[in-house]
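A.B. asks: Per the numbering used here, numbering of the sequence shown is gapless, rising by one per residue and ending at 120. Note that CB positions come from ideal geometry on N, CA and C, so glycine has one too. Take this structure, written in structure tokens, and hold onto it; I'll ask about it next.
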Amino acid sequence: QAEGVISQAKEALLHAGNYAFAHRKDKKSHNRKLWNIKINAGARELGLSYSKLIGALKKKSIMLDRKILADFAEHHPNTFAKILEAVK
């Protein structure tokens, strides 16, 4: 009986490693999607769509990544509003 438990534990460990590997890759995509949603919500509150905001940032050569923009939109709305004013 002890051998069966040990083999089950080994099998579970192998599967856990595979899931961890796959989900490390998925996490990057998931976070980017979440950042885009947060930026879009913040931008639309101030009358600008996500795509127009990103296009305007690129045109003005403002180098803020999506992670920072999402943080500003969620936690620092005044700063986010100032960024949008600079872009408009």
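1) Tell me whether Lys92 sits in a helix, a strand or coil according to DSSP, three-state version.
2) Could you tell me the alpha carbon to alpha carbon distance between Val84 and Lys99, rounded to whole angstroms?
3) Between Leu78 and the rest of its own chain, which residues show a CB-CB distance below 7 angstroms, the 5 nearest in sequence each way excluded?
4) Below 8 angstroms on the Cβ atoms is my contact criterion, and I expect Ala102 with Lys70 to pass it. Report the Cβ-Cβ distance as a whole number of Å.
5) Exposed or buried, what is Phe53 when buried is set at 16 or more other beta-carbons lying within 10 Å of its beta-carbon?
C.D. replies: To lay it out plainly:
1) Here residue 92 corresponds to residue number 60 of the sequence shown, with the count starting at 1. Correct three-state label for Lys92: coil.
2) Within the sequence shown, residue 84 is the residue found at index 52, counting from 1. Within the sequence shown, residue 99 is the residue found at index 67, counting from 1. The sequence given here places Lys at residue 84; Val does not occur at that position. If I take the Cα positions, the gap works out to 18 angstroms.
3) Start at 1 with the first residue of the sequence shown, and residue 78 comes out as number 46. The answer, listed in chain order, is Ala113, Leu116.
4) One-based indexing of the sequence shown puts residue 102 at position 70. One-based indexing of the sequence shown puts residue 70 at position 38. With 8 angstroms as the limit, Ala102 and Lys70 qualify as a contact, their Cβ atoms being about 4 angstroms apart.
5) Taking the sequence shown and counting its residues from 1, the one referred to as residue 53 is at position 21. When all chains shown are included, Phe53 counts as exposed.
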